[in-house]
Amino acid sequence: MGYKVAVASSDGKVVNTHFGRALNFLIFEINEDGWEFLESRENRPACSYGEHSEGGLLYSAELLADCKIVLASMIGSGAIQVLEQKGIKAFAAAGYIDELLDRLVNPKIKI
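Below, the structure is given as structure tokens:
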């Protein structure tokens, strides 16, 4: 049985978007056989010109409630707390999406 990973990316190739500024999240399914792209979910960014919207963080967390992991280029402590309350692990990551997902498929990497 697999799990879902949400990725903040502006180009669909690399993790390059701050969680709070993500206009959308790419959703992937991870299982023992590999990974596959499922969909892109439109988001209402919580960060705007240095201000944060608590409602925006809650919206994003609800949007990703069925995901186990979120990967973003940066993620603030407030967002991490909101996601953890939903049972979602958040990681600041950099690199190509396919390489990061391949690492998650590897059973030697603990999540």
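First residue of the sequence shown? That's 38 in the numbering used here, and the numbers climb one at a time after it. Note that beta-carbon positions come from the ideal geometry of N, C-alpha and C, so glycine has one too. These numbers come from a predicted model, not from an experiment.
Straight-line spacing of the CA atoms in Thr-54 and Ala-129 works out to 10 Å.
Note on geometry: alpha-carbon atoms of Gly-113 and Tyr-40 lie some 23 Å from one another. Nearest to Ser-110 by alpha-carbon distance, out of Leu-137, Arg-78 and Glu-66, is Leu-137. If you compare the alpha carbons of Val-119, Cys-84 and Gly-115 with that of Leu-101, the shortest gap goes to Val-119. Scanning Val-51, Phe-56, Lys-50 and Trp-72 for the CA closest to the CA of Leu-141 turns up Trp-72. In the same chain as Glu-121, and ignoring 5 residues on each side of it, the C-beta atoms closer than 8 Å to its own belong to Ala-127, in chain order. The beta-bridge partner set that DSSP reports for Asn-68 consists of Gly-71. Counting only residues of its own chain and dropping the five nearest sequence neighbours on each side, Val-52 has a CB closer than 7 Å to the CB of Val-44, Ala-45, Ser-46, Leu-108, Ala-109, Ser-110, Ala-130, Ala-131, Gly-132, Ile-134 and Leu-137. Taking each of Arg-58, Asp-70, Ile-125 and Leu-63 in turn and checking the Cα distance to Lys-50, the smallest one comes out for Leu-63. Bounds of any alpha helix (DSSP H) do not take in Ile-106; it lies within the beta strand (DSSP E) bounded by 106–109.
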